[in-house]
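Below is one structure; the comments refer to it alone.
In UniProt numbering, the protein residues as written are 1 to 309.
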């Protein structure tokens, strides 16, 4: 899954004796910023090290062009598309559908949702523990493997910070407005705490199976409304503990937000408390499913991304 704002990146798969890998390279039409981001992504992935909940690098080619990044292959694609596809299937089922006719692989229950959340928190706990900030946590940047496990992907905006509370001041790049913390929107300050804010938006995406955050807010309204204390309402099918955790992620003061170890712990507790057969009641009329854009239309850069000069 790639930022729509970037020049298109080619991703193909290669079958080896011990399984498939993903090959990632820039299109010839890629702009200079995309090229810089891609090489930074490769360099960061070399340094991060291995973790089961990250999309891990296997090899890279940077001494000759085209530059190529070879990573683990996640056969189910990105989490956003994975959830949306299943949400549409689940909404299409009628009360009269025979149980035997239901494709079980296309059903997501609450236990699976919380497993996704816990797995993503594990990945971010590791990444932040190594001193890195991701800067683009969102369902579109989480990949799903063949076993339906989640892995943090897309390290193009990832940066190293020395101290847990240190800020990274952006000097260029493109960022997704509705996933950004107030301090990131206002002062371009990125930190582990701003990643935690974005993780709260990811939780909303997971609970709504790919619903759009702040569906009726214009991009220019996001910062003033957040500073006025507005937050998203509790979505359907959201357990108390998960909604409380989201709101902790969205504390206006960065230092009051939980860290990723606390988030993982809260979400693991919510997972423990969830009945394994709790199935979701989906209401297609909810505003977060009503974003006025045709399903297949490309996302416009100004809709989601803001270029930081």
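We put the CB at the ideal spot given by N, CA and C, even for glycine.
Since the structure is predicted, the reported quantities are computational estimates derived from the model, not experimental observations.
>> Need the endpoints of the beta strand (DSSP E) that residue 151 sits in, please.
In response: Residue 151 sits at position 151 when you count from the first residue of the chain shown. Where residue 151 is concerned, the enclosing beta strand (DSSP E) stretches over 150-152.
> What is the DSSP secondary structure of residue 52, reduced to helix, strand or coil?
Replying inline: The residue given as residue 52 occupies position 52 in the chain shown. If DSSP states are grouped into helix, strand and coil, residue 52 belongs with coil.
> Expressed to the nearest angstrom, what Euclidean distance is found between the alpha-carbon atoms of residue 290 and residue 100?
Replying inline: Taking the chain shown and counting its residues from 1, the one referred to as residue 290 is at position 290. Taking the chain shown and counting its residues from 1, the one referred to as residue 100 is at position 100. Cα to Cα, the separation comes out at about 31 Å.
>> Nearest by alpha-carbon distance to residue 44: which of 32, 111, 60 is it?
In response: As a position in the chain shown, residue 44 is number 44, starting the count at 1. Nearest of 32, 111, 60 to residue 44, Cα basis: 60.
> Going by other Cβ atoms of all chains shown within 10 Å of its Cβ, with 16 needed for buried, is residue 141 buried or exposed?
Replying inline: By 1-based counting over the chain shown, the position of residue 141 is 141. Taking every protein chain shown into account, the CB of residue 141 has 16 or more other CB atoms within 10 angstroms, so this residue is buried.
>> Distance check for residue 68 and residue 217, CA to CA, integer angstroms please.
In response: In the chain shown, counting from the first residue as 1, residue 217 sits at position 217. In the chain shown, counting from the first residue as 1, residue 68 sits at position 68. If I take the Cα positions, the gap works out to 38 Å.
> How big is the Cα-Cα spacing for residue 19 and residue 28?
Replying inline: What you label residue 19 is simply residue 19 of the chain shown in a count that begins at 1. What you label residue 28 is simply residue 28 of the chain shown in a count that begins at 1. Answer to the nearest angstrom: the Cα atoms are 28 Å apart.
>> For a quick check, are the C-beta atoms of residue 22 and residue 270 less than 9 Å apart?
In response: On the chain shown, position 22 is the one that residue 22 refers to. On the chain shown, position 270 is the one that residue 270 refers to. Between residue 22 and residue 270, the CB-CB gap reaches or exceeds 9 Å.
> Would you report the Cα separation of residue 146 and residue 119, rounded to the nearest angstrom?
Replying inline: If you number the chain shown from 1, residue 146 lands on position 146. If you number the chain shown from 1, residue 119 lands on position 119. Distance between the alpha carbons of residue 146 and residue 119: 15 Å.
> What are the start and end residues of the beta strand (DSSP E) that includes residue 135?
Replying inline: For the purposes of this step, residue 135 is taken as the residue at position 135 of the chain shown. No beta strand (DSSP E) holds residue 135; DSSP gives it neither H nor E.
> To the nearest angstrom, how far is it from the Cα of residue 214 to the Cα of residue 223?
Replying inline: Locating residue 214 in the chain shown gives position 214, where the first residue counts as 1. Locating residue 223 in the chain shown gives position 223, where the first residue counts as 1. Straight through space, the alpha carbons of residue 223 and residue 214 are spaced by roughly 12 Å.
> Can you tell which of 24, 109, 246, 143 has the C-alpha that lies nearest to the C-alpha of residue 65?
Replying inline: Reading the chain shown from its first residue, position 65 is the one you call residue 65. When only C-alpha atoms are compared, the closest one is 24.
> Given a threshold of 16 other Cβ atoms within 10 Å of its Cβ, counted over all protein chains shown, does residue 257 qualify as buried or as exposed?
Replying inline: Position 257 of the chain shown holds residue 257. Residue 257 comes out buried.
> Going along the chain, which residues of its own chain have a beta-carbon closer than 7 Å to the beta-carbon of residue 15, five neighbours each way excluded?
Replying inline: Locating residue 15 in the chain shown gives position 15, where the first residue counts as 1. Its chain contains no residue whose beta carbon lies nearer than 7 Å to that of residue 15 once the 5 sequence neighbours on both sides are disregarded.
> Where does residue 96 sit, in a helix, a strand or coil, going by DSSP?
Replying inline: As a position in the chain shown, residue 96 is number 96, starting the count at 1. Residue 96 falls in the coil class under three-state DSSP.
>> I need the DSSP call for residue 164, collapsed to helix, strand or coil.
In response: Mapped onto the chain shown, residue 164 falls at position 164. Any reading at residue 164 must be qualified, since the residue scores a pLDDT of 49, below 50, and its modelled position is unreliable; the value itself is stated next. Three-state result, residue 164: coil.
> Cβ of residue 285 within 9 Å of Cβ of residue 237?
Replying inline: The residue labelled residue 285 in the question sits at position 285 within the chain shown. The residue labelled residue 237 in the question sits at position 237 within the chain shown. Against a cut-off of 9 Å, the Cβ pair of residue 237 and residue 285 comes out as no contact.
> Where are the beta strand (DSSP E) runs, 3 residues long or more, that stay fully inside the segment 164-234, in chain order?
Replying inline: 173-176
> Ordered along the chain, which non-local residues of its own chain (more than five positions away) have a Cβ less than 8 Å from that of residue 54?
Replying inline: Along the chain shown, one-based indexing puts residue 54 at 54. Excluding residues within five positions, the ones whose Cβ falls inside 8 Å are 48, 123, 126, 127, 151, 152, 153.
>> Helix, strand or coil for residue 156? Go by DSSP, reduced to three states.
In response: One-based indexing of the chain shown puts residue 156 at position 156. DSSP places residue 156 in coil when its eight states are reduced to three.
>> Please report the straight-line C-alpha distance between residue 107 and residue 93, rounded to a whole angstrom.
In response: The residue you call residue 107 lines up with position 107 of the chain shown. The residue you call residue 93 lines up with position 93 of the chain shown. Answer to the nearest angstrom: the Cα atoms are 10 Å apart.
> If you draw a straight line from the C-alpha of residue 212 to the C-alpha of residue 250, how long is it?
Replying inline: As a position in the chain shown, residue 212 is number 212, starting the count at 1. As a position in the chain shown, residue 250 is number 250, starting the count at 1. Spanning the two alpha carbons is a distance of roughly 17 Å.
> In its own chain, which residues sit with a C-beta less than 7 Å from the C-beta of residue 114, not counting the 5 before and 5 after it?
Replying inline: Position 114 of the chain shown holds residue 114. Residues of the same chain with a CB within less than 7 Å of the CB of residue 114, apart from the 5 flanking positions on each side, are 267, 270, 271, 274 in chain order.
>> In the DSSP assignment, the beta strand (DSSP E) including residue 72 goes from what residue to what residue?
In response: Indexing the chain shown from 1 puts residue 72 at position 72. Where residue 72 is concerned, the enclosing beta strand (DSSP E) stretches over 68-72.
> Does the distance from the CB of residue 232 to the CB of residue 204 come in under 9 Å?
Replying inline: Position 232 of the chain shown, counted from the first residue, corresponds to residue 232. Position 204 of the chain shown, counted from the first residue, corresponds to residue 204. In this structure, residue 204 lies closer than 9 Å to residue 232 by Cβ.
>> Between the alpha carbons of residue 111 and residue 83, how many angstroms are there, rounded?
In response: Here residue 111 corresponds to residue number 111 of the chain shown, with the count starting at 1. Here residue 83 corresponds to residue number 83 of the chain shown, with the count starting at 1. In a straight line, the C-alpha of residue 111 is about 14 Å away from that of residue 83.
> Quick one: what does DSSP say residue 287 is sitting in, helix, strand or coil?
Replying inline: The sequence position of residue 287 within the chain shown is 287, counting from 1. Three-state result, residue 287: helix.
> Mind checking residue 191: buried by the 16 CB within 10 Å criterion, or exposed?
Replying inline: For the purposes of this step, residue 191 is taken as the residue at position 191 of the chain shown. By the neighbour-count rule (16 or more Cβ atoms within 10 Å), residue 191 is buried.
> At which residues does the beta strand (DSSP E) containing residue 19 begin and terminate?
Replying inline: Taking the chain shown and counting its residues from 1, one reaches residue 19 at position 19. That run of the beta strand (DSSP E) goes 19-26.
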